[in-house]
Amino acid sequence: MDVGNHGSPVHHDRKTLDQVVIRFAGDSGDGMQITGNEFTKTSAIFGNDLATLPDFPAEIRAPAGTLPGVSGFQIRFAAKDIHTPGDEPDVLVAMNPAALKVNLPDIRAGRTIVVNTATFVDKELEKALYMKDGKAFNPLDDHSLDSYRVIRVDLNKLAIESTKPFGLTPKESLRCKNFVALGMMYWLYHRPIEHTEKWLREYFGPKKQQLADANIAALRAGYHYAETTDLFHEQFEIPPAPMRRGTYRNVMGNQAVGLALAAAAKLSKTPVFFAGYPITPASDILHQISRYKNYGLLTFQAEDEIAAVCAALGASFAGSIGVTASSGPGIALKTEAIGLAVMTELPLLVIDVQRGGPSTGLPTKTEQADLLQCVFGRNSEAPTPVVAASSPADCFARTLEAVRIAVKYMTPVYLLTDGYLANGSEPWCLPEIQDLPKIDVHFQSNPEGFKPYARDPKTLARVWAKPGTPGLEHRIGGIEKRDGTGNISYDPDNHDSMVRLRTRKIAGIAHDCTPPLVDGPSEGPLVVLGWGSTLGSITGAVESAQAKGLKVARCHLQQVWPLPATLGGILSKYERILIPEMNLGQLWRLVRSELAVDAYSFTKVQGRPFTTSELLRKIEEVLKMPAHGSAHPLESKAQSGLLQETTETVGG
Amino acid sequence: MDVGNHGSPVHHDRKTLDQVVIRFAGDSGDGMQITGNEFTKTSAIFGNDLATLPDFPAEIRAPAGTLPGVSGFQIRFAAKDIHTPGDEPDVLVAMNPAALKVNLPDIRAGRTIVVNTATFVDKELEKALYMKDGKAFNPLDDHSLDSYRVIRVDLNKLAIESTKPFGLTPKESLRCKNFVALGMMYWLYHRPIEHTEKWLREYFGPKKQQLADANIAALRAGYHYAETTDLFHEQFEIPPAPMRRGTYRNVMGNQAVGLALAAAAKLSKTPVFFAGYPITPASDILHQISRYKNYGLLTFQAEDEIAAVCAALGASFAGSIGVTASSGPGIALKTEAIGLAVMTELPLLVIDVQRGGPSTGLPTKTEQADLLQCVFGRNSEAPTPVVAASSPADCFARTLEAVRIAVKYMTPVYLLTDGYLANGSEPWCLPEIQDLPKIDVHFQSNPEGFKPYARDPKTLARVWAKPGTPGLEHRIGGIEKRDGTGNISYDPDNHDSMVRLRTRKIAGIAHDCTPPLVDGPSEGPLVVLGWGSTLGSITGAVESAQAKGLKVARCHLQQVWPLPATLGGILSKYERILIPEMNLGQLWRLVRSELAVDAYSFTKVQGRPFTTSELLRKIEEVLKMPAHGSAHPLESKAQSGLLQETTETVGG
Amino acid sequence: MTPPNATLTKNDFKTDQEVRWCPGCGDYAILNAVQSVFPTLGIPKEKFVVVSGIGCSSRLPYYVNTYGFHSIHGRAPAFATGIKCANPELSVWIGTGDGDALSIGGNHLIHAMRRNLDVKVLMFNNRIYGLTKGQFSPTSEVGKITKSTPFGVVDQPFNPIHLALGAGATFVARSVDVMSKHLTSVLQRAAAHRGFAFVEIYQNCNIFNDGAFDHLVEKEIRDDHLVELEHGKPLKFGKAKDKGVRLRGYAPEIVDLKTTPTDDLIVWDEHEPSSALAFLIASMPERAMPQPIGVFRAVDKPTFDGELRKQANEVTATHGDGDLKDLLYSGDLWNVE
Amino acid sequence: MTPPNATLTKNDFKTDQEVRWCPGCGDYAILNAVQSVFPTLGIPKEKFVVVSGIGCSSRLPYYVNTYGFHSIHGRAPAFATGIKCANPELSVWIGTGDGDALSIGGNHLIHAMRRNLDVKVLMFNNRIYGLTKGQFSPTSEVGKITKSTPFGVVDQPFNPIHLALGAGATFVARSVDVMSKHLTSVLQRAAAHRGFAFVEIYQNCNIFNDGAFDHLVEKEIRDDHLVELEHGKPLKFGKAKDKGVRLRGYAPEIVDLKTTPTDDLIVWDEHEPSSALAFLIASMPERAMPQPIGVFRAVDKPTFDGELRKQANEVTATHGDGDLKDLLYSGDLWNVE
Ligand SMILES: Cc1ncc(C[n+]2csc(CCOP(=O)(O)OP(=O)(O)O)c2C)c(N)n1
Ligand SMILES: Cc1ncc(C[n+]2csc(CCOP(=O)(O)OP(=O)(O)O)c2C)c(N)n1
Ligand code: SF4
Ligand code: SF4
Ligand SMILES: [Mg+2]
Ligand SMILES: [Mg+2]
């Protein structure tokens, strides 16, 4: 892990820090995601705790150099336990003017900005709308950045010169400039570069070795340039974080879901049939698991979302574990079929990787606004449990838990993740295979006295009898059924009793689910209640509050619907409840209606996570509010750059 | 209105009653709906107040004579103001054994049952499962009906004999037997028969005059048979009800919706484009309005529900009022497109004629379980108002109101009705045309300073600019937009502000909507809060309770979402709130979460309305419960024949 | 597969559920054909699955005593895809209507066709929506008065055979509810086909569209209005087989063999790789020319479910049965002691 | 209609929105063709509507300065139906992709085709999902490695021309992004057609499926791999037009006119009522035989929107403009005094 082999002509202090946030930003074509990923992996292997936040441009490919074309990747790495990718970057690497313009509002005075001077030319400045009186101006020249530490480097030149030996075209050479920047950051934070070197060699393979060599040369050039010139004056060290013993890998949320699906097939000894239709940000799950054909996992890219969910449910009928995944608009299309899954009482996993909405909305941004769609968005009384993942690595455990519930209770189950979890990453302490949860699947085989709607008296789950089994021939469908026989029944009393039975079956899961994560004082003036991907921000804010001596607890749901049976009791111990959500108060509504408790809603619908500091401010504010008080979601929102809600009115 | 021309050989007492409930029941092929409708029209014209409840077999045509094939029609007609079709029939007309078996549980001892003896033969008894030890038995012979007044008539014989002169086939003759029964009922309740005679002549037309004549003969035969034989011992009179001055017609809910859509086109001077896909019980709206092609109303039967809603929204974009209608499963399919309507801020009316669910459920039965689907069933934050009709005639006013909101606020609006309203009927005091509400539609025409997302400062509605208008060319779509210009915007703060703006726009309707119907003491120990088709049952029960001296008020929502601004204030005046619903407590959930008030939920999901008496019992019960108390929907349900929820368990 | 169970009979495929179609409905005959054919296929009873959407026709599963899934409107092919892919040993049959298959379900149908999913589709075409009581369907004729078209249908209908050929179906056939021998043999042919089999069945809805096919299938006129496609045989029709169909340029024409004996009648080749000729004879206008029944097309192609499995098997053969630990513990790992 | 505005130019149809396709994408050329054709049609600018679903191709409306609706994935034909029926004076164009039109949107497309709705569909076929970054589409070849098929596609693709013909489209054509003159003329032909016009456009996605059509459309080889359909002309191709296509039995075959001069080449008739021949030449296998471009079919049929209006007008003519009072006050009325 030493980079000493690269010599060290200039002497630098090496300060120890306990955490750093870097944001790489550039054009979509600049390779920022790869750059960020490499820094992440290297820091992970180095032993830091970390969290990342990629930020893609929307689905469409914007023209190079423009503001909508900017792609970003933020990583926070630390010598301590951390929970979010950080509120504000310590270093911004801006590959072009557009990247500078888009990201500057997030950078506090005094922080470091590395700019690629080669791109601060009129043509690029114009595209980034650095324009005054119809003419381009250069923000590097007008003192507007004086409050920052601006490091100017001609990355283009370094890339071209360092890759000369490898016979690349000028375009290919220029493509290496992100590795120059990465090399500089490796030096600045004293990271080993050999992991990235190894990865580059693997990535390009023997056929494109000269590309690997060129990128490696660029990487080293950046490293040495930082070292030999006095670019940064100082060097930093972020020691490994004290982490739980074990073997680690870095994992993104979608990846963890995919791994869990393979695990589910193995653990349940039952094939998994995944049917999906591509949609951002869920598609990567399909991409990944389509490689797992030797894990008892088949994938089917259907003609649309409806076909996908129906095929998955058909597969469940046939004895596989049917799984489908999508994002909001696609989930909306699946709801009729999910109602059929409720009626036929077959297992089905529906993964909703939430994104900004409504409608097409902000497809590449994150949000947690599909909760009520999942809880209530089907015709008639069609109760369905909802499990939610709270961190990229947690997606693994939640997926297994959702499958467990689906097969144990013979029910469709929603798993909620979101764009932030899907593409964000964190170190994952790999579980021992033998410690993974059991997933018991029992197929009926005895024809004697067989009834397709006979139930387990405890779970109320019906039996699972798969086609091909002699003597269990039976017919199911979407019309109301007589309990037991499963025959069609139009009897009013039977209907009433079946509607309630299905509801009680799902309500029962409240007693057989992952309990909320509770942390901090078990009673007191305030508990922050959350669900899903806000866990990191909430934990960060609560810990900061505690560090300030405030008596604040945290309660985080992993099972969102039905609400865990213990939740009412937990909440009753606190004088105030604060519910921060990246929606307009959806959990707030459920908690109010189910538990009849008052709560302060705090909402932010900006397509990006809460910052620790805005949550901390809110915690302090709510502590001063009346006990057992309440704030409606529309009344209370996270502040943003734009304080006023502007409304363009007609005329005038 | 006198039937004296038919002579009156036997003398009968004629008792005056203030109300009667008759149920006609027979096989689907027996014409029970026609029979009921004729009795209804005649009673309406006679001046009674009335309410009807048809009860069809499920969509599939069951074999003749079987229990699932039974079709029923209940009518309650009265000399006073009534609200429901009645809890228990005074007279059951059972055309065959199956009809007797299915309906007997609803008939109280001492009531009258008219049976068609010709059908109580082994073959028919078997089909009705009147079987003991593998052999058919006749319930007319075993004293099991001793507690009822059973009137035995060979309707077949009367039909055949009376129609002899007209040269019908035996099958055709037999088809007239329902009119024999109708004639008997006309005599019994002293109704004029000439309306039905007139209708028969119109219905069959000059080409089939002999069929008209035959049916008229059968009708008269029934009338005279009742009069000359001493079948009923007595005759009854139900005087006209004191009703509001005006011109009346009888109207079914679906019909009223259809009429309102034609009215909407006229009142708004804007074409209505209706796109639908057939589904029970919504199809009749399409059937009816497809005749209104000369009212500025076009109809399009699309290839599916998604195409229907998209075509309707396309038409709205093009400057028509887009309307679509369906029932639960079809509405589920439309939700993605409704989200687009929210984002593009175009008017759209979505009519949901609710039916029993989940999934295909009980397609011909009623339920009010789509409320939460309408309020929350879309991806992300996609606020949409919900208007609900409370009686068949009210469907007219509610439809107009929903259109008014849609065009005023440039938003999709749900109109909720249900199977009970759709097919049930009541007398409708026709409005004067000049008293109908104004529906103001304003199309932008001035290109100067035109911005597609400029807003009315009060309603927050955006402008409506239709294709074809020079100078207003613009592009809209489902991606988040910058307010004002409507251009695509990925700006986080703009997104937050637009999400809230759309929500505030809809929230504003709380101040500009039909207020709840409030009735009874304006404060006190109990208010019964309802919405939709439960109005009749609730009114009946509340009036009975008041008659018993109980201090009970009634509050009924016509605008369900957003909750009317005044609701919180109204409810706060009562010590207890009781919310009866034909679902598992959906309004209860909304009221709890929005207003943070406690309420007793009372639920019945049997595919049929509450009876007045079960509601009255509940009112009495709740009055004894703690003030400001609460009961969860799963804890409190309407009682039914089947008191226990049975669960078939595995094995054993 | 389990060895064929020689003792199966028609009765084995009857359920205890009362059949709930209108008396006189053509669906009874189709059910009868299905129950007659299933026991002859050498497939054990428990290996059948009958899938359907919603409609009168879609009640089929309830009446066939094997596994059945009465799903939601239009989606049967999607459910069948999941079922067949999850367990390729099953013999999967779809019962559907002209509305279920071609209106709301059109997309799933054409995609299952192009993929060549190995399922058999029986489309009961009564040119009406029966279950919802009489609206026009995508096969209803222009001008037809129905519940939803009091002034007549303005939509041009689909030609279901054209649509199937256009979507690439590998087996395309047509039969008639009342021609039970023909129907039975077509179902047998469909069963024997490895791949997607589409069978359009003219079916009379005697309640909402009574006699829709009388002009073609009434006993007395049938021979003149239907022409049977038989592999390797010339296209002849008429009671005395005295009329034939040949090509004039690119258009089919009828020849009266009594007056114009000819040897250039179209000789039917259901294995013809191109569907063009099948397409052509399926365009012969109703009433003016005889309507073909029988097998329009039967060609061999890899099946979707087969290829999906094959790929999975190949991957497993190459990479070995996946090991969970290897999978989880992959990528860049590091240890914390 | 407003009188044609003679002064419209290409620039009038450019919007102020930055075009956000990848540099080098074939979509630019198509946009260019659209912007060139629109001003020549004699239609005022405000009477155009461009509708789309979701996909790279579906960004089209944002770049054409007229009315535009960027709707939801696959549903453009349904929106277009509402728009065109609500206002038949509008010239309605759909921009869509192979995924948007044929995968999720297949059903709406074939129904709009069968109804003969008067709209023009430009289907950008790049044989890939571009916007979602590279999954296979229903036109991708078997075996193709994509994001979602690391071991190769197992689905058989659609032949879009076959599907359109099978669904009864009245105008079916094909062109190529890089052949701007041809493309422009095909768009002009589509615009002139009264009824549904389907234009498949081979489009290069240089990011996720670069060169998908190179084997057909590269400048040097184009003449040998494409055959242009021209009404009334024999099917000839090759740089020197020295190769032709004729029928051998029911199968098309290539003749080398240098060695085998012949006068029995297929002479193209786009008005042929049956689509069978169009179907046949659309089946010519890629690489082995030339791919037809140009107009496969252009036949006259009543349009859906036209018939819908006509019916409404007839009803109004017969029954008079509806009076609201008459309508409400109909049926059995009674008075309460
Ligand atoms: C989502 C949905 N939309 C609509 C319906 C109502 N529906 C049931 S069957 C049917 C059409 C049936 O027609 P077809 O498939 O031809 O069957 P048939 O009854 O004629 O055999 C319709 C519209 C439904 N059940 N679900
Ligand atoms: C309901 C829904 N499902 C899925 C998506 C994701 N999606 C957007 S475009 C697209 C496919 C685009 O392919 P194509 O139509 O060929 O367009 P191209 O980008 O290739 O031009 C998909 C799957 C979506 N936006 N909405
Ligand atoms: S409605 Fe028609 S198709 Fe349906 S069961 Fe009756 S006759 Fe058959
Ligand atoms: S991804 Fe492909 S189709 Fe989409 S803009 Fe880029 S090159 Fe064009
Ligand atoms: Mg049908
Ligand atoms: Mg594409």
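If you read the sequences in order, they're chains A, B, C and D.
Start counting the first sequence at 368; every next residue gets the next number (our numbering).
Start counting the second sequence at 368; every next residue gets the next number (our numbering).
Start counting the third sequence at 65; every next residue gets the next number (our numbering).
Start counting the fourth sequence at 65; every next residue gets the next number (our numbering).
Where is the CB? At the ideal position from N, CA and C, for every residue including glycine.
query, result
"Option nearest residue 296 (chain D) by Cα separation, candidates D:232, D:358, D:117 and D:127", "D:358"
"Residue 620 (chain B): CB within 6 Å of a non-hydrogen atom of ligand 6", "no"
"Heavy atom of ligand 5 within 6 Å of residue 274 (chain C) beta-carbon", "no"
"Other residues of its chain near residue 1009 (chain B): CB distance less than 8 Å, five sequence neighbours each side excluded", "Reliability fails at residue 1009 (chain B), whose pLDDT of 36 lies under 50, so the model's placement of it is uncertain and the value that follows must be treated cautiously. Nothing listed; no residue qualifies."
"Three-way DSSP call (helix, strand, coil) for residue 1022 (chain B) in this model", "There is no way to answer for residue 1022 (chain B), as the model of chain B reaches only from 368 to 1019."
"Contact with chain C by residue 226 (chain D), beta-carbon distance below 7 Å", "yes"
"Coarse secondary structure for residue 413 (chain A), derived from DSSP in three states", "helix"
"Against chain A: residues of the stretch 200–215 of chain D by CB proximity under 8 Å", "200, 202, 211, 212, 213, 214 and 215"
"Reduced DSSP category for residue 970 (chain B) - H, G, I as helix; E, B as strand; rest coil", "strand"
"Proximal chain A residues relative to residue 740 (chain B), where beta-carbon distance stays under 7 Å", "743, 744, 745 and 746"
"Cβ separation of residue 973 (chain A) and residue 862 (chain B), assumed to be a contact under 8 Å, to the nearest whole Å", "6 Å"
"Partner residues on chain C for residue 438 (chain D), Cβ-Cβ distance less than 7 Å", "Because chain D here runs from 65 to 401, residue 438 (chain D) falls outside it and cannot be looked at."
"Outcome for residue 496 (chain A) when other beta-carbon atoms lying within 10 angstroms are tallied against a minimum of 16", "exposed"
"The stretch 414–433 of chain A in contact with the stretch 570–583 of chain A per 3-pair CB rule at 8 Å", "no"
"Backbone CA spacing between residue 845 (chain A) and residue 828 (chain A) [nearest angstrom]", "17 Å"
"Touch test, the stretch 243–257 of chain C against the stretch 189–204 of chain C, Cβ-Cβ under 8 Å, three pairs minimum", "no"
"Segment contact, 8 Å Cβ cut-off, at least three pairs: the stretch 371–379 of chain D with the stretch 377–391 of chain C", "no"
"Where residue 721 (chain B) falls: helix, strand or coil (DSSP)", "strand"
"Three-state class that DSSP yields for residue 116 (chain D) in the structure shown", "strand"
"Short CB-CB distance (under 7 Å) between residue 658 (chain A) and chain D", "yes"
"Contact under 7 Å by Cβ, residue 759 (chain A) with residue 791 (chain A)", "yes"
"Members of the stretch 715–741 of chain A near chain B, C-beta cut-off 7 Å", "723, 724, 725, 726, 727, 728, 729, 734, 736, 737, 739 and 740"
"Positions along the stretch 660–671 of chain B whose CB lies within less than 9 Å of some CB in chain C", "660, 666, 668, 669, 670 and 671"
"Burial state of residue 372 (chain A) (16 or more Cβ within 10 Å)", "Caution applies to residue 372 (chain A), whose pLDDT of 39 falls short of 50 and renders its modelled position unreliable; the value that the coordinates give is listed next. Exposed, by the Cβ-count rule."
"DSSP beta-bridge partners of residue 398 (chain D)", "B:615"
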